[in-house]
Every structure is written in C-alpha cells, then in structure tokens.
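Engineer:
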Amino acid sequence: MTLRFDETAPVSGAEVAGRTPVRGRAGRPAPPWHAEPVNVAKPVDGSARTDLGLFGPDSVSWRVHGNLLLAVGGLRALFLQALHPRAMAGVAQNSDFRTDPWGRLYRTGDYVATVTFGTSDEARRAGAKVRGIHRRLRGRDPFSGAEFRIDEPELLRWTHVCEVESFVSTARRGGIRLTDADVDRYYTEQLRAAELVGLDPGTVPASAAEITEYYAAMQPRLAITREAATAAAFLFWPTMPRGLGYTPARGGWMAVAAAAFGLLPGWARRRYGGLGLPVGDLGASLAARSLRLATAALPERYRHSPRVRDGLHRARLAGHDPRL
1 MTLRFDETAP VSGAEVAGRT PVRGRAGRPA PPWHAEPVNV AKPVDGSART DLGLFGPDSV
61 SWRVHGNLLL AVGGLRALFL QALHPRAMAG VAQNSDFRTD PWGRLYRTGD YVATVTFGTS
121 DEARRAGAKV RGIHRRLRGR DPFSGAEFRI DEPELLRWTH VCEVESFVST ARRGGIRLTD
181 ADVDRYYTEQ LRAAELVGLD PGTVPASAAE ITEYYAAMQP RLAITREAAT AAAFLFWPTM
241 PRGLGYTPAR GGWMAVAAAA FGLLPGWARR RYGGLGLPVG DLGASLAARS LRLATAALPE
301 RYRHSPRVRD GLHRARLAGH DPRL
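Its first residue numbered 1, the sequence shown is counted upward by one per residue in UniProt numbering.
Given below as structure tokens:
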C-alpha cells in the first residue's frame with residue numbers, strides 16, 4: 001500500500017449542502033448532518049454503589065464496549081477520522097499523539113470506559129472535562145489557513161460517528177452477535193455520548209441507514225492531507241514503549257493495525273491508496289475473529305480494565321448478571 005495525499009482542498013460543507021440536500025428526520029431538506037432534535041432519555045441518578053450509568057448492563061453499548069475488540073475499533077476510527085482535513089489538523093496541531101501515543105490511547109480508552117461503565121456522575125464529569133478542553137482549542141485549516149474551533153459541531157459529529165460506527169462494525173465482524181435492530185439500538189444509545197461532548201442529539205445519525213447516508217454526504221469534504229498520511233503511517237509504526245521497540249510486540253502491534261485498516265470501508269481504504277477489494281474484507285474479518293477468540297480465553301482481570309470491572313461489580317450488586 002502506498003500512502004498518497006491530496007493537494008487540493010475538498011468541497012466545503014456549504015457547497016455540499018447546496019448540491020446534495022439531506023432529508024431531516026421530519027422529512028424536510030437539511031444540510032449534512034442536521035435533523036429534528038430528539039429527546040434522549042436521562043438515567044435516574046442513584047447511589048454511586050448501584051448507579052448503572054448512562055447505559056446499563058442490558059444495553060448494546062455494554063456488549064460492544066466490554067470487549068477487547070474495542071481497541072481495534074478505536075484504531076479503525078483513527079484511520080477514518082484522519083480523512084477529515086480539519087479534524088486531522090486539529091489533532092496534529094493540538095495533540096501529543098506523536099510523542100506520547102500510548103498515553104493518548106490510554107486516555108481515550110479510559111474516557112470511553114468511564115462514559116460507558118462509570119456512574120452517571122462520572123460520565124457527565126468526563127464529558128464536561130472534554131468540553132472544557134475543546135472549548136479552548138483552535139486549529140488552522142490545512143488548505144485555507146483559516147482558524148477554526150475544535151468544538152465545531154461538524155468536527156465533533158465526524159469524530160463521534162467514526163468512533164461509534166467503528167466500534168460496532170468491528171464488534172460485528174469480530175463475531176459478536178448483533179442483529180440489525182441491535183446496531184440501530186446501539187446508535188440510538190450513543191446519542192447520550194454525543195450529547196456529553198456538546199452535540200445536539202437531533203443532529204447526529206442514529207441508525208445504520210443514517211450513518212450510511214451521512215458517510216455518503218461527507219465524501220466531498222474528505223481528503224488525504226500530508227498530516228493524515230503521516231498519521232496513518234505512524235499508526236502502523238508508532239514509537240513503542242521503552243524496551244519493546246524491537247521485540248515481538250512490534251510485530252503484534254503491526255498485525256493489529258493492519259487488521260484495523262483492513263476493517264475500514266472500501267471507500268476509505270481507497271482514499272489511502274489501498275485496493276479496497278472484498279478479499280481484504282474477508283481477511284480483516286478473520287483477523288478480528290481470531291483476536292476476539294484469543295482474548296476471550298483470558299481471565300476477567302486481563303479482559304477488562306478496572307473501570308469496566310467496577311461497572312460489572314455495581315451491576316451484580318444491583319442483581320444483574322452481565323457477561324461480557
């Protein structure tokens with residue numbers, strides 16, 4: 001695979017809206033992505049001991065986020081997110097991902113675990129912290145040089161959609177049994193996570209059909225910038241923790257990164273210069289299934305982070321028997 005980058009600016013959001021109006025949930029035209037606000041159910045706060053958080057043990061979110069495949073889905077999301085020039089510029093200009101990639105991955109994973117398995121208060125505090133950080137940050141458009149806010153709704157929405165679609169798609173292709181109805185329910189549940197980072201839930205795709213429509217509407221805005229190509233190469237060959245640079249851990253990481261890349265939609269792989277052929281889909285699915293089966297045999301203390309185990313403990317105290 002040869003990474004390439006685009007020198008010309010992608011189409012702006014306004015131009016896309018003028019060319020391809022998207023129907024809102026009420027049936028009337030709306031620019032990508034906008035729809036009528038919907039009411040997101042709020043959990044009832046209980047004591048920290050038995051508070052089951054924003055989703056709870058009966059949710060699809062627990063099933064998807066409680067598996068180690070989530071890490072592969074997270075890498076897949078990073079490849080996707082880098083395709084949006086401003087989203088990638090915001091990361092490159094404000095993040096320490098090159099100097100501290102493992103710390104960044106840990107913090108991202110811990111945030112997702114807190115929002116999913118933490119108490120309601122823990123999830124809301126985590127969301128408030130992220131909103132506060134984003135509110136202060138600015139970036140420079142790689143094509144026009146114009147300054148933009150990191151918390152622009154389009155960027156937050158792109159980041160959210162890439163994450164949740166990657167999480168559930170990776171879980172499904174890795175062998176976690178999810179029906180089409182489960183997938184739609186998952187997207188609806190994740191509107192609560194979107195709201196935490198500052199999005200109006202009504203402007204966020206909430207079903208598989210809406211996700212597909214959203215990706216189609218976003219295509220003219222996507223491009224491989226130099227920063228995106230560099231980030232993708234870094235994901236395959238990151239700075240390893242001390243002592244692990246030239247050990248089997250390096251090969252293991254590359255295998256996981258290759259699986260994550262192979263799980264991308266064909267259109268995304270083609271953007272990066274990959275072939276995007278069905279045979280790649282099959283190989284990536286087999287790799288994801290192998291990873292899931294290999295990690296399923298691990299004891300719970302290795303399969304789940306402390307935050308996930310704490311959520312499982314609170315669920316059992318409340319009389320549930322979650323099996324992740």
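Quick reminder that beta carbons are idealized off the backbone N, C-alpha and C, glycines included.
Every value quoted in this text rests on a predicted model; they were computed, and no experiment measured them.
Report the residue from A194, A288, R140 and K129 whose alpha carbon sits nearest the alpha carbon of L156.
Structural biologist: Indexing the sequence shown from 1 puts residue 156 at position 156. When each option's Cα is compared against that of L156, the closest is A194.
Engineer: Which parts of the stretch 193–248 are runs of the beta strand (DSSP E), unbroken and 3 residues or longer, counting only runs that do not cross its ends?
Structural biologist: Runs found: none.
Engineer: Please determine, among G283, F261, G53 and A259, the residue with the shortest C-alpha to C-alpha distance to R124.
Structural biologist: Taking the first residue of the sequence shown as 1, we reach residue 124 at position 124. Measuring from the Cα of R124, the nearest candidate turns out to be G53.
Engineer: Between G280 and R269, is the Cβ-Cβ spacing less than 8 Å?
Structural biologist: By 1-based counting over the sequence shown, the position of residue 280 is 280. By 1-based counting over the sequence shown, the position of residue 269 is 269. In contact: G280 and R269 (Cβ atoms closer than 8 Å).
Engineer: Only counting the same chain, and skipping five residues up and downstream in sequence, which positions put a Cβ closer than 6 Å to that of S166?
Structural biologist: Taking the first residue of the sequence shown as position 1, residue 166 is located at position 166. So the list reads G73, R76 and A77, once near-sequence residues are dropped.
Engineer: In chain order, what residues of the same chain have a beta carbon less than 8 Å from the beta carbon of T114, not counting five sequence neighbours either side?
Structural biologist: To locate residue 114, count along the sequence shown from 1; it is residue 114. Here the set comprises E122, A123, A126 and R307.
Engineer: Roughly how many whole angstroms lie between the Cα atoms of G90 and L317?
Structural biologist: As a working note, residue 90 is residue 90 in the sequence shown. As a working note, residue 317 is residue 317 in the sequence shown. One C-alpha to the other measures close to 42 Å.
Engineer: First and last residue of the alpha helix (DSSP H) that includes E189?
Structural biologist: Along the sequence shown, one-based indexing puts residue 189 at 189. Here the alpha helix (DSSP H) through E189 covers D180 to E189.
Engineer: So, for A284: in the same chain, excluding its five sequence neighbours on each side, which residues have a beta-carbon less than 6 Å away from its beta-carbon?
Structural biologist: Here residue 284 refers to the residue found at position 284 when the sequence shown is read from its first residue. Closer than 6 Å at the Cβ level, and outside the excluded window around A284, lie A259, G262 and L263.
Engineer: Spatial neighbours of S95 within its chain, please: C-beta separation below 8 Å, excluding the five flanking residues on both sides.
Structural biologist: If you number the sequence shown from 1, residue 95 lands on position 95. Closer than 8 Å at the Cβ level, and outside the excluded window around S95, lie R104.
Engineer: Taking the alpha helix (DSSP H) that R107 belongs to, which residues open and close that run?
Structural biologist: Translated into positions along the sequence shown, residue 107 becomes position 107. Its alpha helix (DSSP H) spans residues P101 to F117.
Engineer: Whole angstroms are fine: how far does the CA of V183 sit from the CA of P322?
Structural biologist: Locating residue 322 in the sequence shown gives position 322, where the first residue counts as 1. Locating residue 183 in the sequence shown gives position 183, where the first residue counts as 1. Cα to Cα, P322 sits roughly 19 Å from V183.
Engineer: Which term fits A296, buried or exposed, when burial requires 16 or more other beta carbons within 10 angstroms of its beta carbon?
Structural biologist: The sequence position of residue 296 within the sequence shown is 296, counting from 1. Exposed: under 16 other Cβ atoms inside 10 Å.
Engineer: Rounding to the nearest angstrom, what Cα-Cα distance links D110 and A209 in this structure?
Structural biologist: For the purposes of this step, residue 110 is taken as residue 110 along the sequence shown, with counting starting at 1. For the purposes of this step, residue 209 is taken as residue 209 along the sequence shown, with counting starting at 1. Taking the straight line joining both Cα atoms gives about 29 Å.
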